[in-house]
Ligand code: SF4
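In the numbering used here, the protein residues as written are 3 to 251.
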């Protein structure tokens, strides 16, 4: 049964089918009209997030935006947050990890435990990203992401509208079928501010110790957790439906 803010799984599937092939503006307009103010835009201040933010702001300047301040972000990412404040008048809501959890992590495992194994890396992401995300999405009906299918092998089945079983709300991915070329064309055409790291060879931006610039010809996610197998390269923020149910990769 569908109410104003609650959609059942059939309605979600119908919406995903309806929006396939439609531009991000159409999807974002629907999402904001349907869910605002109980919808939030997740931003890690990378190019895709800036495109989403610009489109959303043009539709509704009161759009709510949050970021996960893991405590390990690049200086350039904080500078981008300030540029958003200056250009759009949007105060990004930042969510920090639990102080006690980070203190225990660093005391017991050191400052680079994420390099030791996938499990240790996911443990750190769990503390610094996954738990704060749950708080950011608490009492919301929907969230918007800048995910694209071509970004990673873990994202090829992405739908434009999905039911996010991890958080019990709707997840909207307006750029799911967009190319990297679309993203940069939009940024240049609309004068959208972007993270300076992109000009230094970073196509994908995360925490400073887990992100590096890539060389020409490398995969766009090659600079994220570069010591790991590509199929494990998710931080747990984005759960993808797979044949057997839910994956937390
Ligand atoms: S990306 Fe790296 S530093 Fe950031 S939360 Fe994950 S493991 Fe920790």
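Just so it is clear, CB atoms sit at the ideal spot from N, CA and C, and this is done for glycine as well.
Check whether the region 218 to 226 touches the region 101 to 108, counting contact only when three or more Cβ pairs, one atom from each stretch, lie closer than 8 angstroms.
no
I'd like to confirm something about residue 228: is its beta-carbon nearer than 8 angstroms to some heavy atom of ligand 1, or not?
no
What did DSSP end up calling residue 59 once you bin it into helix, strand or coil?
helix
Rounded to a whole number of angstroms, what is the C-alpha to C-alpha distance between residue 141 and residue 40?
8 angstroms
At the level of alpha carbons, what is the spacing between residue 163 and residue 31?
13 angstroms
Take residue 57 and list the residues in its own chain whose beta-carbon comes closer than 7 angstroms to its own, dropping the five residues that flank it on each side.
26, 27 and 30
What residues sit near ligand 1, counting only those whose C-beta is closer than 6 angstroms to one of its heavy atoms, in chain order?
72, 74, 116, 123, 126, 127, 130, 131, 208, 209, 211, 212 and 237
So what does DSSP say about residue 159, is it helix, strand or coil?
coil
Closest residue to residue 138 among 213, 239 and 74 (Cα-Cα distance)
239
Compute the Euclidean distance between the alpha carbons of residue 204 and residue 125, then round it to the nearest angstrom.
24 angstroms
Take residue 5 and list the residues in its own chain whose beta-carbon comes closer than 7 angstroms to its own, dropping the five residues that flank it on each side.
Residue confidence for residue 5 is low, a pLDDT of 45 falling below 50, so the modelled location carries little weight; the figure read from the coordinates is stated next. Contacts found: none.
Residue 227, DSSP secondary structure in three states
coil
Beta carbon of residue 214 nearer than 9 angstroms to that of residue 180
no
Pick helix, strand or coil for residue 95, following the three-state DSSP scheme.
strand
Taking buried to mean at least 16 other C-beta atoms within 10 Å of its own C-beta, is residue 188 buried or exposed?
buried
Return the residue from the list 103, 123, 114 and 63 that minimises the CA-CA distance to residue 94.
63
Taking the straight line between their C-alpha atoms, what separation do you get for residue 219 and residue 231?
18 angstroms
First and last residue of the uninterrupted beta strand (DSSP E) at residue 189
Where residue 189 is concerned, there is no enclosing beta strand (DSSP E), although the alpha helix (DSSP H) it sits in stretches over 182 to 192.
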